[in-house]
Amino acid sequence: MPRMTAARAAVEILKREGVSNAFGVPGAAINPFYAALKASGGVNHTLARHVEGASHMAEGYTRAKAGNIGVCIGTSGPAGTDMITGLYSAIADSIPILCITGQAPTAVLHKEDFQAVDISSIAKPVTKAATTVLEAAQVPGVFQQAFHLMRTGRPGPVLIDLPIDVQLTEIEFDPELYEPIPVHKPAASRKQIERAVQMLNASERPVLVAGGGIINADASELLVEFAELTGVPVIPTLMGWGILPDDHELNAGMVGLQTSHRYGNANFLESDFVLGIGNRWANRHTGKLDVYTQGRTFVHVDIEPTQIGKIFAPDLGIASDAKAALELFVEVARELKAAGELKDRSAWAGSTQERKATLQRKTHFDNVPLKPQRVYEEMNRAFGPETRYVTTIGLSQIAGAQMLHVYKPRHWINCGQAGPLGWTIPAALGVATADPEGTVVALSGDYDFQFMLEELAVGAQHRIPYVHVLVNNSYLGLIRQAQRNFDIDFQVNLEFENLNSPELGVYGVDHVKVVEGLGCKAIRVTEPDQLLPAFEEAKKLAAEFRVPVVVEAILERVTNIAMSGTDIASVNEFEDLATDPSHAPTAIRPLTAS
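Structure representation (structure tokens):
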């Protein structure tokens with residue numbers, strides 16, 4: 000039997016599990032693993048500037064392509080604690096990433112050795128498994144189990160902690176004999192699906208709520224086929240956005256308190272039956288449950304059995320992988336359609352599209368400083384259906400979800416439940432690494448942008464091109480808007496006069512200088528007619544120099560974006576609504592009079 004260090008065995012397993020890219024920061028306690036990484040070859044490594052950044056890069060990499068598993072690597076102590084936010088983000092959104100940390104020698108783990116921390120205990124609540132490996136011979140089994148766990152059932156992250164002496168110990172291991180453990184996913188029965196379709200067929204105004212689990216299962220085409228067979232309108236969740244194109248005749252819009260369309264909420268409130276697949280009834284989607292559920296029958300299909308009934312009790316719950324369930328949904332629907340037993344939903348579906356053409360928000364403003372709505376309007380013009388958008392949290396993300404257009408799965412890559420500021424830059428780098436020839440466009444407010452700004456240097460060093468749209472109002476905009484409920488505007492104003500850039504006025508940080516100092520390109524825009532040319536120039540610069548290109552739009556200081564604090568029936572619009580087609584010229588459907 001061949002002999003090699005446990006670290007080398009771990010690297011060989013990574014390759015046989017399909018890993019081709021890793022993101023991380025080396026350090027003393029993980030150097031044996033890095034030595035094995037170099038000696039083995041076959042795994043490209045991207046050097047991050049912050050270990051949390053590496054974890055978000057891994058997540059972006061996973062989200063960009065079906066089958067990908069991002070890997071992040073760090074040393075002992077603070078490297079692992081830095082990655083906790085990335086692990087939380089990944090488990091919250093059901094994203095498999097593998098976090099590998101170095102550790103102090105096993106003999107001193109209980110002696111408060113330098114950078115020795117019980118990272119597996121810290122990480123357990125935000126992972127599917129977190130293990131400090133104490134015996135070198137267990138390393139292959141622990142890695143094998145990690146990949147099995149990440150892919151089995153509801154996907155999620157795993158942390159493996161490797162003491163330095165364990166990494167260096169030689170073990171008997173033959174990579175040629177290694178085989179991944181088969182993945183297990185729960186599957187619906189034919190009887191369950193027949194009952195669900197029977198309930199759907201008995202309703203008058205059904206909708207399908209399509210969640211991120213459908214994208215995780217690589218089952219978007221099946222969902223679209225089922226919707227088309229039955230004629231039932233689809234409401235994608237924020238994590239499911241892109242499952243079917245925004246311009247599809249059955250796309251009824253998104254629902255929620257914040258990242259929703261006016262027509263999406265209106266369409267849902269007219270429904271009487273809801274079939275949710277791969278979704279978790281997130282509170283910012285549902286709002287107050289009495290409004291969301293009143294007068295509706297619910298069927299919930301989810302891969303995690305304990306997710307069913309967690310938020311409210313459905314009329315029928317089915318524990319199943321989305322793909323396994325949708326294969327049966329399509330099979331049953333085909334049979335019923337052939338037998339002429341499916342209801343004609345054309346009038347109901349048509350009414351959802353009428354709302355889509357009448358209930359719109361205004362985007363065309365000529366104000367200087369810019370109103371954010373105009374930025375998204377011009378983004379719609381500049382970036383086509385192949386664009387992968389990456390964003391995390393804040394008014395920029397909320398407004399972007401209300402006004403941008405997405406046409407394909409994995410083309411809206413959004414940190415949903417955790418929403419850590421700073422996620423966007425490293426996640427975009429991970430997405431662009433996974434899709435180096437694609438069009439990747441990130442969207443940030445100024446505070447999200449400043450949180451992990453240093454990671455732009457990673458894009459410059461490793462030649463990872465993408466376009467980053469930075470909407471700058473020098474405010475914590477979402478928190479400021481939330482503080483209206485407390486009648487305060489406290490500790491959310493980022494303005495200051497920059498002694499080195501007086502031309503900025505009170506906008507403070509000179510992002511152009513900082514971005515250029517990190518080796519990237521930047522364009523500042525102050526007038527609406529400059530936006531589209533700037534986006535076109537950014538695409539050219541990214542292609543020419545193969546680095547991130549930032550387009551900074553200087554916004555008006557205060558804009559309140561449409562949202563509700565309570566329920567989906569009472570969204571406060573704040574701004575003027577579209578009453579003429581010229582008010583929303585890039586809307587999916589041209590505006591018609593209501």
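Note that numbering that gives the first Met the number 0 numbers the sequence shown so that position 228 is 227, with each residue one more than the last. Note that CB positions come from ideal geometry on N, CA and C, so glycine has one too. Quick caveat, the model's predicted, so the values are computed rather than measured.
Item: Looking at the unbroken beta strand (DSSP E) that takes in Asn282, where does it start and where does it end?; Value: Element bounds for Asn282: not the beta strand (DSSP E) but the alpha helix (DSSP H), Asn282 to Thr285.
Item: Whose C-beta lies closer than 7 Å to the C-beta of Leu36 among residues of the same chain, with five residues either side of it excluded?; Value: Val10, Val42 and His44
Item: Excluding five sequence neighbours on each side, which residues of the same chain lie with their C-beta closer than 6 Å to the C-beta of Ala552?; Value: Leu369, Val374, Val470 and Val524
Item: Considering only residues of the region 223-257, which uninterrupted beta strand (DSSP E) runs meet the minimum length of 3 residues and lie entirely inside it, listed in chain order?; Value: 233-235
Item: What residues match up with Val208 in a beta bridge as DSSP calls it?; Value: Ile234 and Gly275
Item: Buried or exposed: which applies to His467, given that a residue is buried once 16 or more other Cβ atoms fall within 10 Å of its Cβ?; Value: buried
Item: Look at the alpha carbon of Arg333 and the alpha carbon of Asn266, and state the distance between them as a whole number of angstroms.; Value: 26 Å
Item: According to the neighbour-count rule (16 or more other Cβ atoms, all chains shown, within 10 Å of its Cβ), is Arg479 buried or exposed?; Value: buried
Item: Select from Pro527, Phe450 and Val557 the residue whose C-alpha is nearest the C-alpha of Asn492.; Value: Val557
Item: By Cβ distance, which residues of its chain are closer than 6 Å to Pro154, with the 5 residues on each side in sequence left out?; Value: Ser93, Pro95 and Asn215
Item: Let me know if Ser581 comes out buried or exposed under the rule of 16 or more other beta-carbons within 10 Å of its beta-carbon.; Value: exposed
Item: Going by other Cβ atoms of all chains shown within 10 Å of its Cβ, with 16 needed for buried, is Asp365 buried or exposed?; Value: exposed
Item: Quick one: measure Cβ to Cβ for Val18 and Ile68, integer angstroms, because I've assumed they're closer than 8 Å.; Value: 6 Å
Item: Thinking C-beta only, is Tyr262 closer than 8 Å to Arg344?; Value: no
Item: Judging by CA-CA distance, which residue of Val141, Gly152 and Gly211 is the nearest neighbour of Ala186?; Value: Gly152
Item: Would Gln372 and Met402 qualify as a contact pair, given that the criterion is a beta-carbon distance under 8 Å?; Value: yes
Item: Skipping 5 residues on each side, what residues in its chain have a beta carbon closer than 6 Å to that of Trp280?; Value: Ile310
Item: Have a look at Leu442 and Pro181 and give me their C-alpha separation to the nearest angstrom.; Value: 38 Å
Item: When the Cβ atoms of the region 134-148 are set against those of the region 314-328, are three or more pairs found closer than 8 Å?; Value: no
Item: Suppose you measure from the CA of Leu530 to the CA of Asn379; what does that come to, to the nearest Å?; Value: 11 Å
Item: CB-CB under 6 Å to Ser202, same chain, minus the five flanking residues each way: which ones, in chain order?; Value: Asp271 and Phe272
Item: So the candidates are Gly294, Asn282, Ala592 and Glu326; which of them puts its Cα closest to the Cα of Val300?; Value: Glu326
Item: Find the nearest neighbour of Ser569 within the set Trp240, Asp112, Val254 and Asp160, judged by alpha-carbon distance.; Value: Val254
Item: Anyone know if the C-beta pair for Gly85 and His55 falls short of 8 Å?; Value: yes
Item: Would a C-beta distance cut-off of 8 Å place Gly252 and Asn278 closer than the cut-off?; Value: no
Item: Shortest alpha-carbon distance to Leu237 belongs to which of Ala537, Pro205, Thr258 and His247?; Value: Thr258
Item: First and last residue of the alpha helix (DSSP H) that includes Asp117?; Value: No alpha helix (DSSP H) contains Asp117, which DSSP labels as neither H nor E.
Item: Out of Leu133, Glu574, Ala65 and Ile560, which has the shortest C-alpha to C-alpha gap to Ile163?; Value: Leu133
Item: As a quick exercise: from Thr578, Ala577 and Ser563, pick the residue whose alpha carbon is nearest that of Asn571.; Value: Ser563
Item: Report the rounded CA-to-CA distance for Thr229 versus Leu341, giving the unit in angstroms.; Value: 7 Å
Item: Assuming Val389 and Ala417 are in contact, meaning their beta carbons sit under 8 Å apart, how far apart are those beta carbons, in whole angstroms?; Value: Going by Cβ atoms, the distance from Val389 to Ala417 rounds to 15 Å, so no, they are not a contact pair.
Item: Whose CA, out of Pro464, Glu58 and Ala586, lies closest to the CA of Ile72?; Value: Glu58
Item: Report the rounded CA-to-CA distance for Pro419 versus Thr105, giving the unit in angstroms.; Value: 33 Å
Item: Am I right that Thr438 and Thr386 are in contact with their C-beta atoms under 8 Å? What's the rounded C-beta distance?; Value: 5 Å
Item: In the structure shown, what three-state DSSP assignment does Ile214 receive?; Value: helix
Item: How many Å lie between Glu248 and Phe32 at the Cα?; Value: 52 Å
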